[in-house]
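S.K.: Taken in sequence, the protein lines are chains A, B and C. Numbering of the first sequence is given in our numbering, commencing with residue 1 and proceeding in unit increments. Numbering of the second sequence is given in our numbering, commencing with residue 1001 and proceeding in unit increments. Numbering of the third sequence is given in our numbering, commencing with residue 2001 and proceeding in unit increments. What follows is a structure written as structure tokens; I'll ask about it next.
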Amino acid sequence: MTLELFSQYLLAGITYGIIYAIVGIGFNIIYNTTGIINFAQGEFVMLGGMTAISLHQWLPLPLAIGAAVILVMLIGALVEILFIRWLDRPSVLRMIIITIGISILIREAALHVWGEGVRSLPYFVGNEITTVQVLGARVSPQVLWVIGVCAVMVLGLSLFFKYTLQGKKMQACASNRMAATLCGISTRNMVTLSFMLSAGIGALAGCVMSPITYTQYDIGTGLAIKGFTVAILGGLGSSMAAVAAGLLLGIIESFSVSVVPLAFQDAISISLLLAILFFRPHGLFGNKDAAGLKEF
Amino acid sequence: MTRHLPLSLLILAVIAVQLLTRWTETAYYLTPLTMTAYYSLVIVGLCLLMGYAGQISLGHAGFFGIGGYLSAMLTTKDLMAFKENALIALCDKLGLLVHGQDMLGVSSLQMQPWAACICAILVTIAVAYAIGIPVLKLKGHYLAMATLGFGIIVYRLALASPLFGEADGISGVPGFPLLPGLAVSGDFSSRISNYYLAWGMLAFVMWLLGNLIHSRVGRALRAIHGAEAATNAMGIDTARYKLNTFVLSAVLASIAGIFLTHYNGGIGPSEAGIMKSVRYVAIVAIGGMANLWGALVMGALLNIMSLRGMFGTYDDAVFGAILIIIMLFAPQGLLGISLSATVKRIFRRGE
Amino acid sequence: MLLEVNNLSRRFGGLQALSDVSFSVRQGMIKAVIGPNGAGKTTLFNLISGTLPPSSGTIHFKGQAIHTLPPFRIARLGMARTYQNIKLYPGMTALENVMVGCHCRSRAGFLAGMLSLPWTQKEEKNIRGKCLDLLALLDIADLAEVEATSLAFGQQRAVEFARALAMEPELLLLDEPAAGLNIYETAEVARLISKINGQGITVLLVEHDMSLVMDISHEIVVLSFGEKIAEGDPASIQRNKEVIRIYLGEDDAEG
């Protein structure tokens, strides 16, 4: 394998990997605040891209993306208010089925609104044949946009959780809801906020990746599964670990193309998911005892 | 015995419907009805697993796919090129293969449908045990995701593999002769006998499962669902029971796949896809998780409507919506709803 | 010795729940484990019944090492237990709950169950009969067809008791059988335990109600903060200075 090919694979892996990481982080945010695994997480990514593409018909690109992100955040809040909020201590099974149902509804709605076709946002810089030289490989500048924007999001999130009051409130909810309520934190609003935040980062990732990966009504499911894999691989609940895990998954997937036909690529990431679930469900970085204490 | 009342009603209803179609000359309804019976096999097996043993499976269409695709592939793949191979020659000697002729008159060699059926079931059992042992150790989200993952792997393999016809699936699957004069196939002439065969199988399975639920094993399953750790401490090997129930439900799904494939003369990757798995779960949920007959009735209704195209392009959306609505308002299934309790719940201030 | 516990210890992260506890239970006796809250009594039961593995130490039942066995194997060897917070199965009647207890003493499997073979049906009838008798023994036969979790607390305890007895155990582990019961019900429970013991079942119980413990136990083990402080017959335990100290405080021990 030449250096150039190696770099191509590596960069492709990092690009996809950081997107999986963002979806995984979205899972973690909602899981940390509510204990729910939101199967509809991938749909937020799809909606971000699709909405931005539609809005771009009337708005300049940056505004279209901004508006799309805000719209999807509102949809995230709507999902929480309509379906999650008034449930009275639902069982895990019920939550799983409900979020699956939500994901299906969003997907089918997208199908009827935008059709089956594949679409994409225009490249932020240049067009499909513009390339830059990175690590000996020639890649589209969009790749740098993806990695850059996602990295900024991750950084922003960790600062948010560590240093802002809202962020700390959400952490409090994650650790102990009862105690948080007693401190005057409105746990209900925290839950809505967590949905909005997850939806927002997913949407932005969806916009920024659209020129390279294209957007279609059904990309949500695959992303959700990979995002879940990443969240588990990193140890459910830990966002930094999700980034590492995401990059790992992306790179493994990317390099696997050199040994396995492309059509089987998805099977590889799912096999990885199954392997983790069977042998190390607390993930690479998670703590076994702590994971055992978490309620499912 | 009131326990056998639903079964008798089912048999009567099946006969009545057939006579009705003859009377109103709507015999074309028999086809979706027959298909519904086979889909119901998957559903009642899943009901046993989810409702009684308490294990969710989001990938059950995968087992349907294994059964259907294997029997399709084995009965259509021409083994003529491998005639000299020792294994193939042995199969031939044992009478497992059928010598035929393709369209151009060239001799061809395929597997007998019954041999393919047995092969497919054996493979299903092996896969179910292999997957079941690690998967059933998981709980909650992890279990759901693992079963979902399994279903997707089967779907992806079917979609990607030239052996399974890739996106087009496998067609031209021959009929499955069971007895002289009775074959599972889509021939118009055997439409009525196929209808009774399908519903007869389903009735028999309902009888078997009904017995099981009221037996010692059924009690153990309900106990496992109720409180697994305590049940383990009562001397019940909960892991083995969950596994056996999983395999049983997998075999039922697989048999449904085999028979439906022969009936339809083919199979496509969507039969093993997520949407089908979700559909099965939705029907079990709406029928009432631990309600075998509820699942059967709702399944029959919804599948008929779907197969007759009543949902149009909103087919998948309908099942998704059903899933949400049932889980939000009636987690015990339609038969467990109390309207006033539901209304109270909506308007009560939450936490 | 029916049950032998040797140097049993269990840690949970930084918490030492049990340290180096040893005692044995002779066949036919009623032995009580007492101690203040947090002494490690329920942990001890969880270790003996196999729900948790020990951090160190051994447990032998009928001469066989059981500390490495899964709970269902230990149960089949002849050990049954009840729980502090009753774990009856919702959605099943009292009788059905008890019938689950008979599971390990019967045979019908998947195939036999599905085909409803004649010998299976006979076995079911026997199980039913036996469990009804057990309910009658506990004076709740009339509640047989009532949904188990809708019963009164004391009645639920009785059903759980019957369920444990249905397993035909040689050793019965009772986790606070008198919790939540009034004086009369407690006396009933004491009477029942003695009666069962009289039929040859060895009993190991955890209990806070001293009158029950002192009344019926042959021997008592006292735990405090995970350690065994005393062991002996009720009279000697009542006089034991250490025991008095941990229950009542320093001053009273002096007096």
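We put the beta carbon where it would ideally sit given N, CA and C, even for glycine. Keep in mind the model is a prediction, meaning the values are calculated, not measured.
1. One question on the structure: do Thr1021/B and Asn1194/B come within less than 8 Å of each other, judged by their Cβ atoms?
2. Using 8 Å as the threshold, is the C-beta distance between Thr2042/C and Asp2175/C below it?
3. Using the C-alpha atoms, what's the distance from Thr229/A back to Gly1149/B?
4. The beta strand (DSSP E) that contains Gln2121/C, what's its start and end?
5. Suppose you measure from the CA of Gly1186/B to the CA of Asn1264/B; what does that come to, to the nearest Å?
6. Considering just the uninterrupted stretch of the beta strand (DSSP E) at Ala2230/C, what are its terminal residues?
7. So if DSSP puts Glu2219/C in a beta bridge, which residue, or which two residues, is it bridged to?
8. Pop quiz: Gly1151/B and Ser1277/B are said to be a contact at Cβ under 8 Å. What is the actual Cβ separation, rounded to whole angstroms?
9. Check for me: the beta strand (DSSP E) holding His2060/C runs from which residue to which?
10. Would Asn1244/B pass as an interface residue toward chain C - the criterion being a Cβ-Cβ separation below 8 Å?
11. Could you name the residues that DSSP lists as bridge partners for Ala2080/C?
12. Please list the partners that Glu108/A has in chain B, where partner means a Cβ-to-Cβ separation under 8 Å.
13. Going by beta-carbon coordinates alone, are Ser2022/C and Lys2228/C separated by less than 8 Å?
14. Once DSSP output is grouped into helix, strand and coil, what is the label at Ala1146/B?
15. When you compare only the Cα positions, how much space is there between Gly989/B and Leu1010/B?
16. Alpha carbon to alpha carbon, how far is Ala2112/C from Ala1321/B?
17. Counting only beta-carbon atoms, is Glu2096/C nearer than 8 Å to chain B?
18. In angstroms with no decimal places, state the Cα-to-Cα distance between Phe1246/B and Ala1160/B.
19. Going by the beta-carbon positions, is the gap between Ala2136/C and Glu2123/C smaller than 8 Å?
20. Strictly below 8 Å CB to CB, what residues from chain C border Met1234/B?
21. With a cut-off of 8 Å on the beta carbons, I'd call Ser258/A and Tyr9/A a contact; round off their distance for me.
22. Can you tell me whether DSSP reads Asn1085/B as helix, strand or coil?
23. Listing by chain order, which chain C residues have their CB less than 7 Å from the CB of Asp1237/B?
24. When you compare only the Cα positions, how much space is there between Leu1221/B and Arg119/A?
25. Taking any Cβ of chain C, which residues in the segment 1268–1302 of chain B have a Cβ under 7 Å from it, in chain order?
26. By DSSP's criteria, Asn2006/C is part of a beta bridge. Which residues make up the other side?
27. For Trp145/A, count neighbouring C-beta atoms within 10 Å of its own C-beta (all shown protein chains included) and say buried if the count is 16 or more, exposed if not.
28. At a Cβ threshold of 8 Å, is Thr2068/C touching chain B?
29. Which residues in chain C have a C-beta closer than 7 Å to the C-beta of Arg1308/B? List them in chain order.
30. Against chain B, does Phe296/A count as a neighbour if the rule is that its beta carbon must be under 8 Å from one of theirs?
31. Give me the chain A residues within the contact set of Met1305/B, using Cβ-Cβ distance strictly less than 9 Å, ordered along the chain.
32. Verify the CB distance criterion: does Thr15/A have a CB-CB separation below 8 Å to chain B?
33. At a Cβ cut of 9 Å, what residues of the segment 1136–1152 of chain B count as close to chain A, listed as they run along the chain?
34. Tell me, please, whether the CB atom of Ala267/A is closer than 8 Å to any CB atom in chain B?
35. Applying a beta-carbon distance threshold of less than 8 Å, which residues of chain C neighbour Leu1248/B?
36. Quick check on the DSSP output: what are the complete alpha helix (DSSP H) runs of length 4 or more inside the segment 215–292 of chain A, in order along the chain?
M.R.: Considering the structure as presented:
1. In the second sequence, the residue the question calls residue 1021/B occupies position 21. In the second sequence, the residue the question calls residue 1194/B occupies position 194. Cβ distance not < 8 Å, so Thr1021/B and Asn1194/B don't count as in contact.
2. Translated into the one-based positions of the third sequence, residue 2042/C becomes position 42. Translated into the one-based positions of the third sequence, residue 2175/C becomes position 175. It is a contact, given that the beta carbons lie within the stated cut-off.
3. Walking along the second sequence from the start, residue 1149/B turns up at place 149. Walking along the first sequence from the start, residue 229/A turns up at place 229. So the alpha carbons of these two residues sit roughly 10 Å apart.
4. Taking the first residue of the third sequence as position 1, residue 2121/C is located at position 121. Looking at the DSSP string, Gln2121/C is not in any beta strand (DSSP E); the run it does join, the alpha helix (DSSP H), is 2118–2137.
5. Here residue 1186/B refers to the residue found at position 186 of the second sequence. Here residue 1264/B refers to the residue found at position 264 of the second sequence. Roughly 6 Å between the two C-alpha positions.
6. Mapped onto the third sequence, residue 2230/C falls at position 230. Here the beta strand (DSSP E) through Ala2230/C covers 2227–2232.
7. Here residue 2219/C is taken as the residue at index 219 of the third sequence, counted from 1. Answer is Lys2031/C, bridged to Glu2219/C.
8. The residue labelled residue 1151/B in the question sits at position 151 within the second sequence. The residue labelled residue 1277/B in the question sits at position 277 within the second sequence. About 5 Å; that satisfies the 8 Å criterion.
9. Walking along the third sequence from the start, residue 2060/C turns up at place 60. 2056–2061 is the extent of the beta strand (DSSP E) around His2060/C.
10. Residue 1244/B sits at position 244 when you count from the first residue of the second sequence. True, the Cβ-Cβ gap to chain C drops below 8 Å.
11. Stepping through the third sequence from its first residue, residue 2080/C is reached at position 80. Ala2080/C is bridged to Leu2172/C.
12. Taking the first residue of the first sequence as position 1, residue 108/A is located at position 108. Residues of chain B passing the Cβ test: Tyr1314, Asp1316, Ala1317, Gly1320.
13. Counting from one through the third sequence, the residue named residue 2022/C turns up at place 22. Counting from one through the third sequence, the residue named residue 2228/C turns up at place 228. Taking 8 Å as the Cβ cut-off, Ser2022/C and Lys2228/C qualify as a contacting pair.
14. Mapped onto the second sequence, residue 1146/B falls at position 146. Ala1146/B: helix per DSSP, three-state reduction.
15. Nothing about residue 989/B can be reported from this structure: the residues present for chain B run from 1001 to 1351 only.
16. As a working note, residue 2112/C is residue 112 in the third sequence. As a working note, residue 1321/B is residue 321 in the second sequence. Looking at the two C-alpha atoms, the distance is approximately 40 Å.
17. Translated into positions along the third sequence, residue 2096/C becomes position 96. So yes, Glu2096/C belongs to the interface.
18. The count along the second sequence starts at 1 and reaches residue 1246/B at position 246. The count along the second sequence starts at 1 and reaches residue 1160/B at position 160. Between Phe1246/B and Ala1160/B, the C-alpha separation is close to 27 Å.
19. Along the third sequence, read from residue 1 onward, the residue named residue 2136/C stands at position 136. Along the third sequence, read from residue 1 onward, the residue named residue 2123/C stands at position 123. Not in contact: Ala2136/C and Glu2123/C (Cβ atoms no closer than 8 Å).
20. Counting from 1 along the second sequence, the entry for residue 1234/B is found at position 234. In chain order: Phe2072, Ala2075, Ala2080, Val2100, Gly2101, His2103, Cys2104, Arg2163, Met2167.
21. Residue numbering aside, residue 258/A sits at position 258 when the first sequence is read from its first letter. Residue numbering aside, residue 9/A sits at position 9 when the first sequence is read from its first letter. The Cβ separation is near 7 Å, so the contact holds.
22. Within the second sequence, the letter at position 85 stands for residue 1085/B. Three-state result, Asn1085/B: coil.
23. Within the second sequence, residue 1237/B is the residue found at index 237, counting from 1. Those are Phe2072, listed as they occur along chain C.
24. If you number the second sequence from 1, residue 1221/B lands on position 221. If you number the first sequence from 1, residue 119/A lands on position 119. Computed Cα separation, rounded: 49 Å.
25. none
26. On the third sequence, residue 2006/C is found 6 positions in, with the first residue counted as 1. BP columns for Asn2006/C point to Thr2058/C.
27. Working through the first sequence from its first residue, we reach residue 145/A at position 145. That one is buried.
28. For the purposes of this step, residue 2068/C is identified with residue 68 of the third sequence, where counting begins at 1. So no, Thr2068/C is outside the interface.
29. Locating residue 1308/B in the second sequence gives position 308, where the first residue counts as 1. Within 7 Å Cβ-Cβ: nothing; Arg1308/B doesn't reach chain C, min ~33 Å.
30. Residue numbering aside, residue 296/A sits at position 296 when the first sequence is read from its first letter. With a pLDDT of 33 at Phe296/A, under the threshold of 50, the modelled position of this residue cannot be trusted; read the value that follows with caution. So, interface residue.
31. By 1-based counting over the second sequence, the position of residue 1305/B is 305. Those within 9 Å of Met1305/B in chain A number zero; the least Cβ separation is about 17 Å.
32. Mapped onto the first sequence, residue 15/A falls at position 15. False, the Cβ-Cβ gap to chain B never drops below 8 Å.
33. Lys1137, Leu1138, Lys1139, Gly1140, His1141, Tyr1142, Leu1143, Ala1144, Met1145, Ala1146, Leu1148, Gly1149, Phe1150, Ile1152
34. Taking the first sequence and counting its residues from 1, one reaches residue 267/A at position 267. Yes, Ala267/A lies at the interface with chain B (some Cβ there is under 8 Å from its Cβ).
35. The sequence position of residue 1248/B within the second sequence is 248, counting from 1. Those within 8 Å of Leu1248/B in chain C are Phe2110.
36. 219–233, 239–256, 265–279
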